Amino acid sequence: MRKRGFTLIELLVVIAIIAILAAILFPVFARARENARKSNCQSNLKQIGLATMQYAQDYDETYHLAWTLNPTTRYPRLLQPYMKNLDVFVCPSDPDVWVPETGLRISYICNYNLHPSGDANKSVSMAAVNRPSETISLAENADGATANRAPDCEYNWGCSGGAVSSGYNRWARVGRTRHSEGANYIFADGHVKWLKPDTAANEALHWQL
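So for the sequence shown, the working numbering puts the first residue at 161; every next one is plus one.
See the structure below:
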């Protein structure tokens with residue numbers, strides 16, 4: 161006796177079930193992938209935070225600058241002696257970032273209040289920070305490190321929340337929704353935390369010293 165094949169209706173039902181399962185599972189897989197990137201980003205920032213603390217201990221308890229003059233040096237180079245490699249400055253969700261004049265890939269930007277630029281006498285001391293566990297040190301870059309100054313940037317405290325990229329006069333907005341409708345930040349005491357955009361935007365609490 162010959163076996164009966166699928167009817168068109170049965171085949172359509174199977175296709176519909178597969179489509180429903182795909183619609184359910186694809187967002188789950190996407191969230192899992194983004195959570196992995198978020199965790200990798202946090203791991204990067206923890207290493208940078210530790211290097212920042214080690215740098216401060218070696219330089220009379222002062223924080224590194226965003227970039228120095230004579231010679232011009234971006235902050236990753238200042239922290240390089242305390243790190244195994246510079247790959248940690250690239251967020252896995254921002255793999256194409258590039259600063260052409262330095263040859264560096266930098267996804268994380270400095271709070272200009274804590275990390276100004278210029279010569280060593282502009283360095284901020286650890287004692288000058290009133291709330292190190294609340295004051296942001298580094299944030300994620302929204303524009304890409306090659307962006308020129310963003311339209312809403314103010315030189316006195318930074319861009320839309322107080323950040324500047326590592327390049328000379330290369331300002332960038334904070335990437336407040338880089339990971340799961342929020343972003344990762346390093347704080348002045350070296351710890352790393354994910355914040356929602358509204359929380360991170362509190363200038364008085366998180367960006368001023």
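Cβ coordinates follow ideal geometry from the N, Cα and C atoms, glycine included.
Quick caveat: nothing in here was measured; it's all calculated off a predicted structure.
Original post:
By Cβ distance below 6 Å, which residues in the same chain neighbour alanine 343 in space, the five residues on each side in sequence not counted?
Top reply: Your numbering for residue 343 matches position 183 in the sequence shown. These residues qualify, in order along the chain: Glu300, Gly335 and Arg336.
Subject >> Sheet register partners of arginine 193 (DSSP bridge) >> reply: Stepping through the sequence shown from its first residue, residue 193 is reached at position 33. Answer is none; arginine 193 lacks a bridge partner.
Original post:
If we ignore side chains and look at the alpha-carbon of each, how far apart do alanine 190 and leucine 181 end up?
Top reply: Walking along the sequence shown from the start, residue 190 turns up at place 30. Walking along the sequence shown from the start, residue 181 turns up at place 21. For alanine 190 and leucine 181, the distance between alpha carbons rounds to 14 Å.
**OP:** Quick one: residues in its chain with C-beta nearer than 7 Å to the C-beta of alanine 348, no 5 flanking neighbours on either side, listed in chain order?
**Re:** On the sequence shown, position 188 is the one that residue 348 refers to. Excluding positions up to five away in sequence, the list reads Leu274, Val289, Pro292, Thr295 and Ser297.
Subject >> Start-to-end residues for the beta strand (DSSP E) that takes in tyrosine 345 >> reply: The residue labelled residue 345 in the question sits at position 185 within the sequence shown. From DSSP, the beta strand (DSSP E) with tyrosine 345 extends over 343 to 347.
Original post:
How is the beta strand (DSSP E) around alanine 299 delimited, first residue to last?
Top reply: For the purposes of this step, residue 299 is identified with residue 139 of the sequence shown, where counting begins at 1. That run of the beta strand (DSSP E) goes 296 to 300.
**OP:** Check the C-beta distance from arginine 338 over to cysteine 251 and give it rounded, since I have them as a contact under 8 Å.
**Re:** Locating residue 338 in the sequence shown gives position 178, counting from the first residue. Locating residue 251 in the sequence shown gives position 91, counting from the first residue. Between cysteine 251 and arginine 338 the Cβ distance is about 7 Å, and since that is below 8 Å, they are a contact.
Original post:
Nearest-angstrom Cα distance between alanine 192 and tyrosine 268?
Top reply: Against the sequence shown, residue 192 aligns to sequence position 32. Against the sequence shown, residue 268 aligns to sequence position 108. Those two C-alpha atoms are separated by around 23 Å.
Original post:
How many Å lie between valine 174 and aspartate 256 at the Cα?
Top reply: Here the question's residue 174 lines up with position 14 in the sequence shown. Here the question's residue 256 lines up with position 96 in the sequence shown. Each residue's alpha carbon lies about 41 Å from the other.
Original post:
Relative to the alpha-carbon of aspartate 220, which residue among Ile177, Met286 and Val248 has its alpha-carbon at the smallest distance?
Top reply: Counting from one through the sequence shown, the residue named residue 220 turns up at place 60. Out of Ile177, Met286 and Val248, Met286 has the C-alpha closest to the C-alpha of aspartate 220.
**OP:** Return helix, strand or coil for valine 284, following the three-state DSSP convention.
**Re:** Counting from one through the sequence shown, the residue named residue 284 turns up at place 124. In this structure, valine 284 counts as coil in the three-state DSSP scheme.
Subject >> Straight-line gap, threonine 167 to leucine 205 (C-alpha atoms, nearest Å) >> reply: To locate residue 167, count along the sequence shown from 1; it is residue 7. To locate residue 205, count along the sequence shown from 1; it is residue 45. Each residue's Cα considered, the two are about 57 Å apart.
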